[in-house]
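Step one of this worksheet: look at the structure below.
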Amino acid sequence: KQRVENQLEDFYFDHFVIAEDGSAFFTAEQYYVRTTSYFDQRTGVTNYTYYYHYNDIIVVKMDAEAKILWTRRVPKKQVTTNDNGDYSGYAVVPHEGGLKVLFNDNPKNLEDPNALKPKPMNNPQRSRTVLVNISPQGEIQKSLLFNGEEQETIIQPRIQRRVGDDALLLFTQKSRSFRFVKLSFSD
């Protein structure tokens, strides 16, 4: 079997954002589900385990004439089990010609925010929501969105809606507590 190098496997384009200047951002995320099964001979029941993988994000910026200006990789690794990937994925909002990306991450990844191989976020209850700022020139900065005391719930980044130019409404949950959080990005 021949191996192809530099191929983007299992990446899905899921956000297309047009900036005020006519430029556009495309974002894609590596996503796949792995399933294992176990047949219990004693009970005659087959048990299934689903592993949800939401990994790196690719961001492409194009100018108003559809010329690619730059491409960036945002390292991310989320692997959860039997949860439908509810706390995985990411949200984006344009801001001042750049892009803000939010996702739940392993807090150890903040020790080296530029690590090419991040530690997996596999326990949403212990995760931290991070904010990745991508400038109009493609410079990336990663930080905590909330400090430990402020983060009372966990975002579900795939359940969100942009409200206004620089705001995002996100659904959050922890145990049986549900909330909506409005994040406004203004300077």
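Heads up: take any position in the sequence shown, counting from 1, add 47, and you land on this note's numbering.
Cβ coordinates follow ideal geometry from the N, Cα and C atoms, glycine included.
- Distance from the CA of G91 to the CA of S84, rounded to the nearest whole angstrom, comes to 13 Å.
- Counting other Cβ atoms within 10 Å of its Cβ, F227 stays below 16 and is therefore classed as exposed.
- Nearest Cα to A66 within the set P183, K221, S233 and V210: P183.
- Per DSSP, Y134 lies in no beta strand (DSSP E) and is assigned neither H nor E.
- Straight across, the Cα-Cα distance linking S233 with R209 is about 14 Å.
- DSSP places Q198 in the coil class of the three-state scheme, outside both helix and strand.
- With a cutoff of 8 Å on beta-carbon distance, T74 and V126 are scored as not near each other.
- For D152, the uninterrupted beta strand (DSSP E) segment begins and ends at G145 to D152.
- Under the three-state reduction of DSSP, P141 is assigned to strand.
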